[in-house]
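In what follows, a structure is listed as structure tokens, so that the remarks can point back to it.
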Amino acid sequence: MKLISATVAVRSAREPDGGVAQHLRRWLQSLGPLAVLIVLLLVFEIARHNFLTGGNLAAIAESAAVPVILTTGLSFVILLGAIDLSMEGVMAASSMTLSLLCANDVNGNHWGVWGIAAAIGVGLAFGLVNGVLNTILRMPSLIVTLGTWFIGLGIASILFPAQVPTVRDPWVLGIAAYHIAGLSLIVFVALLLLLLFHLLLHYTHLGRMIFAVGGAEATLVMTGLPVPLFKIAAFVISGLLAGIAGVLLSARLGDGNANIGDGLLFPAVSACVLGGTLLSGGRGGVLQSAIGAVVLEVLNNGLIQIGAGPYVRNIISGAVILLVVAASGLHLRRKLRVVK
Amino acid sequence: MTQLLETRGVGKTFGRVTALEQMDLVLSQGEVLGLVGQNGSGKSTLLKIIGGLVQPSSGEMLLHGKPVRLRSQSDATMHGIGMVHQEQSLVPNLTVAENIFLDKPNAAKAHGLYRWNRLFDAAAAQLRKIEIDIDPRATVEDLRFAQRQQVELAKVLAVEDLVSHPPIILFDEPTSVLTPDEIRLLFRQIERLRQTAAIVFVSHRLDEILHISDRAVVMTDGCKVADEPVTALDRESLYRLMVGRQRTIRAPRAVETRPAESLTPRLDVTGLSTGRQVRPATLAVAPGEILGLLGVQSSGAEEFCRALFGAEDDVHGTIRLNGKQISVTSPAAAVQAGIGYLPANRHVEGMLKGRTLVENMALTFGLDYGHRGMIVNRRAERRVASEWITRLRVKTRSADARIDDLSGGNQQKVVLGKWLLSRRLQLLLLDHPTRGLDPGARDDLFAVIRSEAAKGLSVIFIADTIGEVLDLSDRVIVMRDGAMSAEYNLNRGDAPSEEDLVRAMV
Amino acid sequence: MSDQSHRLLQTVRRRGLSLAAVLGLALPLGQIGMMPAKAAPKGSLIIGIDETASEYWAEYTQGAQDIANSLNAKLIVVTSNYQGSQLLAQLGAIFATGCDQCALATDPSSNAFVKAVVHRSAMAEVPIVTIWNRPETIHPWDTDPKYWVAHTSFDGVMSGYYQAQALCKALGGHGQIAAIEGVPSTPPAYQRIAGLKKALAECPGVTLLDTEVGDWQETKAQDIARTWIARYGSKLNGIFASNDAMARGAVAALREKNLNGKIPVTGSDGSKVALDMVKSGDMLVTVWNDPVLQGAVSIAIAHAAAVGDIDPAKLSHAQRDFYLKQEVVDKSNVDHFLELKAHAPVYTYAELKADFWKDSAGQIPVGANK
Amino acid sequence: MSQSQPADDRTIQAKPGFAERRAALRRSVPLAVLILLVGLSAIIAPGTLSPAALNGFISDAAPLMILVIGSTIPILTGSIDLSVAGIASITGVMLVVLAPIFGPWTCIVVILLAILFGAFQGWLHAWLQIPSFITTLGTLSMLSGLSLLLSNATAQPLPDSDPIINLLGDTSFDIPNTGFAALALVAVLAVVMRYTRIGRDLFALGAGERAALMSGVRTVRLRSFAFAASAGCAALAGLALVSVTQFSSPTLAGNLLLLSIVGVVLGGTAISGGVGGLWAGVIGGLITAWLRVATVLIGVKPTGQYIVFGIMALIAVFLTTDRTKIGIIK
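See below:
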């Protein structure tokens, strides 16, 4: 004993108390966005009494379906601490591919299901390129995906025939046309994907490692784990889901459209952050992000319902995003906290 | 004793630099090998090579007489080689269980699918093995530092079950961040492992080496200069072997040079409490006085210093500097008032990575050498920085080298220089300044601090070891649970024994 | 990171570079191959369009191409992607190489850029004909009159008026409709809404429930329509969409509730899909604006000024600022227009030259672009 | 955490100036890329370098360049400002709205307003500790809504008497004044960055925020400055834009946001912060402006322009990004 020098150790700036209290706090934090959602619903219901009608909720579900899919994919990349801006381009490309390969009114193709597969494959390929450029060539994801965004739009405009290709394929149209309990198949596809990728994130090695990369990438590299693979996988998932979203949207429109993804990216990013999937990575998950997406849809729908003009709508939704994010992060404020 | 591991002429070069030359080392079951050397003596490189983090550029490694190539840490793990890192190597946002099996296969993770309950059970077993009570479901970042350290240990010791033959455990300065109790636990584990495993133990604390290891290997400049049983060694001989020069004995202090009471204290703190430390602290520091703070991790010594520097949230109490009350709402405010702080975690809070020495040193007070303190004068800054680089004996190619390229000791010197080149620094807070420094570098540091104090700079100093406190301070205050539990004025000759201090601490 | 894997990364990266380079060069070269890069040759025809992936602009380009072929001149197409600054920059790049007897017909992409585009063209001494966008305050005869030969557009007010009238008739004089507007800063958008209001004034039984901005976009229109259906239910009797794309979106939303064909939808432009939907009954009417004609006429007039076949100074205001004719398409006459779609007439400079204003619907009235 | 090997003392004496020389080489890459680009397009389409052509190019490139220079400053601190294009657009609108009130001083007032807004936004981000990405995303949406409201979504002619706009729209020595404005801006900012505390602290913040904080850097104040500067530049860019169009529009700057981000990175400024600078901003702005017209110069057919631009940008970024100082690429 005498030989052991007394030491004083410095510890991480704020010592968590550990144990139950911590778990509880974490749990409550995860409920934050849900609370926001409920509040919004109530507010709009009070403002307009027929807001919480089945019809309107169904409408919200329909318009939330695709954003949920997009945020699910995006979440995987954001969990890395990276970002994927390419989705609008990817959707444009996959929409064009789909409408030109499935039975349509501009060319003789009728690949049917294979057309769908091909369109989704396009998304997958984009994800792969993003991942490789980011991890192997070590280019920042922000700029890589910005580039592939343009490339996606470019592919769409090269593929575009003289006229808007109308999809005739019953399979494709069926996705949007077939209804169960007043909801189109698209909604159920979204739910299925959400569940699927939630499980992937929490019950597979890959999912947990993607989660871990956002927490301590250097440690994983040092341990000798194939970190680049995990990262590429995350980008591939993001691309894949963007591809699927492109397919679903064209199915819903019944034609191929190069602007199909316009204005979906930034809401998706906001949704992730709203839901608690922080841009710094390693926090949150697909369910949280999905809630964020639903919040935005409810907000949008509600503002249309109460007759707010489009310009006012921009202002309000921007303000709400800021408020919610600020409020949910308030308890984390520290003098030495670094937020970029 | 069966021989487990042998390195034959293992060497390592980074670019044109030789970090390790022709290292022959034999490691046998049931022995603890103490490995010592100054920063940059190549011992950490050696450790990394054995741990699979670095591949040797020459020579070969034999495991049970069979040559092996370790491609990564997990590869080493699979061969039964585990390494306890100086900085924790845990993933903060994963559960304890996942961290324990991060680098190891486990039935509960087969085919990339997690069977959580089985994983938790397996982890619980590992934790039980080393008598730790932590919920394997807990997320690591929710744990206290001490708990995390234990998880780290459990993670490494889990290699035991991975291989049939005895494992090899490497400890890279594990004690530098531990409290006495934690060190005791660690040593108990090492004693337990001794029966079955081979252990390499690296530390700058010579008495720890002498205490725990059977054999000591001393390295300098990438070569082995001594390999002897500890029975043949003592602190002084070890020190000489490491540093290569006699230990500079502290100049005998002129007793009662500056009776602190006689003039207004440089710093006068009353009832200072932070969000975490409820019990308010009160103390005064005289100009030119070096005050040593001692205390175990929860004592609140760091919180006290960080609060003085405005780095703690919701701080209460009054702080007077030279009799005038100041409010340090932020580090910037503290700096304005003339308070400096040498952080314990220099990598995160001390140095600007990727920047040159000058840029690092001129960051805070460079403008004092500019025109009217408004316009930057790079030439002047450079001159002053270079002066300090020589004064602090920073080993560097030039003042424009990137700070990352320096060894820990020299980095620390540069960070200190950032504060010392100020003309208006009143009070300097040193938070574990010697962490990760070899004795040589530490003595350089102490020498400069003493001379600055002699010029009137007041210093508050949180020590790594009791030895350092007695070595440097004019006055020692022991803290326990955020309050002063004892005070000794070394100038008045009442030098406490280590027992007194430890008793006051715990 | 261990130095080995570091070195590995290095090599991989070096490979990656060459890979990226190959990829990067291969594709552009492929693109260039399709169109030899030269300084614009004498008498080139330049058109500025908003996007390539659009039926409307494809047909507009076709019309211009016809004229180019008939003159066997080179057609240079510039795409603004709805960004005036981009259009300016690219025109600048083309004029940079000097362009003798060139002619320009372009959509300035928004009112804000008309003056700049015209000026840039005038600086290069290239006659310009603008389409769609013109601020109320400036006209070809008062701004760079020597080079801004003419402005031509389709009468948005009439278009909206026709649609609304058709709705009114279809609803038997009373009911409630909702309108989806285009990008508000573009004249056609507010003109068509103005026409709607004008018609409703004459049809008091039909009231406007709601107006939303769909930015010309199919998807946005679909979301808006879906929300309306949920909100108004049976109260919604008809949907007025300011263009065919948004009409498509509206119909798609109706289809989700099997209401397509039951709730009449109107659009404008006369795109293929819209014509099909008029035929199938999903859409009530669309208004036929012939982009091929527009392309042919606009570039032809510009070229005429470039080669001196016409002298802008001698043209009347009605000739320099005019609407092209448009027609309402409903079930009765849809087949005729489908036929036109299938085999658009091939315009030649010679025949247009006979009378450039043959298909004019008259001068653009004052206040139309307010 | 840096991925470079933990070197030791002897490392230092061993490699004299090696790192420096490599760094210098790296810094010159963007310029090389620019020269290469211009050279190539000059070969393909001779006449691109004629004075008239260059003047046209300058007046087209100036707004983008100013925007890039502005966005560089927050990115140096590791933050990002997505609201620049929104500010540039609303500048024109404000100009029309406020002209009746402030007369000849409108431009100054508008720029000051922008700076105030930027400062507020920076403070919001730094003090409330909201990620800049989401902060500016929110303000971007609010700005676009506001400018549509104020302008009633229509393009309006500028007051033709405004002295500053006329000055910007004019040329001296046959060179567009917007070009000079950009240069002046660079000069002013360069002086600030080099000779005041601000510049040093900006880089410190980017290199290691915790360390900077613990060295007495006033991060909140600094962030406010960074965003104020970028907003001010955005406003100036907006003025440069309207000086050409002579009309204001709520969507004037449109997609310049994406181009400006591309520009910042092309100049060699690291998105992660701490690496780069104004000069990088200038080069990056020029490269981007050139890429925008290059597709036309080399005669890419319209449908291919998106792809070619995207790929060219990716290659340029690949060549110009300095990875040596960035540990982990996010």
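Protein chains in written order, with the numbering used here: chain H, 1 to 340; chain G, 341 to 846; chain W, 847 to 1216; chain E, 1217 to 1546. Every residue gets a Cβ at the ideal spot worked out from N, C-alpha and C, and that includes glycine.
C-alpha gap between residue i and residue j, whole angstroms
{"i": "residue 525 of chain G", "j": "residue 802 of chain G", "result": "23 Å"}
{"i": "residue 1080 of chain W", "j": "residue 1521 of chain E", "result": "47 Å"}
{"i": "residue 253 of chain H", "j": "residue 1065 of chain W", "result": "7 Å"}
{"i": "residue 673 of chain G", "j": "residue 650 of chain G", "result": "7 Å"}
{"i": "residue 1210 of chain W", "j": "residue 269 of chain H", "result": "45 Å"}
{"i": "residue 1170 of chain W", "j": "residue 978 of chain W", "result": "11 Å"}
{"i": "residue 437 of chain G", "j": "residue 467 of chain G", "result": "9 Å"}
{"i": "residue 732 of chain G", "j": "residue 753 of chain G", "result": "6 Å"}
{"i": "residue 391 of chain G", "j": "residue 419 of chain G", "result": "10 Å"}
{"i": "residue 354 of chain G", "j": "residue 1358 of chain E", "result": "53 Å"}
{"i": "residue 1314 of chain E", "j": "residue 1275 of chain E", "result": "25 Å"}
{"i": "residue 811 of chain G", "j": "residue 480 of chain G", "result": "37 Å"}
{"i": "residue 749 of chain G", "j": "residue 772 of chain G", "result": "13 Å"}
Nonlocal neighbours in the same chain, by C-beta distance under 7 Å from residue i, ignoring five residues either side
{"i": "residue 212 of chain H", "result": "220"}
{"i": "residue 1516 of chain E", "result": "1524"}
{"i": "residue 343 of chain G", "result": "366, 368"}
{"i": "residue 1258 of chain E", "result": "1264, 1265"}
{"i": "residue 701 of chain G", "result": "725, 728, 754, 757, 758, 761"}
{"i": "residue 165 of chain H", "result": "99, 100, 104, 105, 106, 255, 256"}
Whole-angstrom C-beta distance between residue j and residue i, which should lie under 8 Å
{"i": "residue 742 of chain G", "j": "residue 695 of chain G", "result": "7 Å"}
{"i": "residue 318 of chain H", "j": "residue 1355 of chain E", "result": "7 Å"}
{"i": "residue 1413 of chain E", "j": "residue 797 of chain G", "result": "With 8 Å as the limit, residue 1413 of chain E and residue 797 of chain G do not qualify as a contact, their Cβ atoms being about 24 Å apart."}
{"i": "residue 992 of chain W", "j": "residue 1016 of chain W", "result": "About 49 Å separates the two Cβ atoms, so there is no contact after all."}
{"i": "residue 1113 of chain W", "j": "residue 1092 of chain W", "result": "7 Å"}
Among the options, the one whose alpha carbon lies nearest that of residue i
{"i": "residue 859 of chain G", "options": "H/205, H/270, H/322, H/231", "result": "Only positions 341 to 846 of chain G appear in the structure, and residue 859 of chain G is not among them; the question remains open."}
{"i": "residue 1195 of chain W", "options": "W/888, W/889, W/917", "result": "W/917"}
{"i": "residue 1200 of chain W", "options": "W/1187, W/1150, W/1174, W/1188", "result": "W/1150"}
{"i": "residue 1335 of chain E", "options": "E/1298, E/1445, E/1419", "result": "E/1445"}
Three-state secondary structure assigned by DSSP to residue i
{"i": "residue 708 of chain G", "result": "helix"}
{"i": "residue 1530 of chain E", "result": "helix"}
{"i": "residue 999 of chain W", "result": "strand"}
{"i": "residue 965 of chain W", "result": "helix"}
{"i": "residue 1323 of chain E", "result": "helix"}
{"i": "residue 978 of chain W", "result": "coil"}
{"i": "residue 1048 of chain W", "result": "coil"}
{"i": "residue 346 of chain G", "result": "strand"}
{"i": "residue 17 of chain H", "result": "Residue confidence for residue 17 of chain H is low, a pLDDT of 49 falling below 50, so the modelled location carries little weight and cannot support an answer."}
{"i": "residue 665 of chain G", "result": "strand"}
{"i": "residue 171 of chain H", "result": "helix"}
{"i": "residue 594 of chain G", "result": "Because residue 594 of chain G carries a pLDDT of 42, less than 50, the predicted location of this residue cannot be relied on, and the following value inherits that uncertainty. Residue 594 of chain G: coil per DSSP, three-state reduction."}
Beta-carbon contacts of residue i that lie in its chain and below 8 Å, excluding the five residues immediately before and after
{"i": "residue 1181 of chain W", "result": "1125"}
{"i": "residue 873 of chain W", "result": "At residue 873 of chain W, the pLDDT of 44 sits below 50, so the modelled position is not reliable; the number obtained from the coordinates is stated separately. Answer for residue 873 of chain W: no residue qualifies."}
{"i": "residue 1471 of chain E", "result": "1301"}
Sequence-distant residues of the same chain with beta carbon closer than 6 Å to residue i, five excluded per side
{"i": "residue 1506 of chain E", "result": "1253"}
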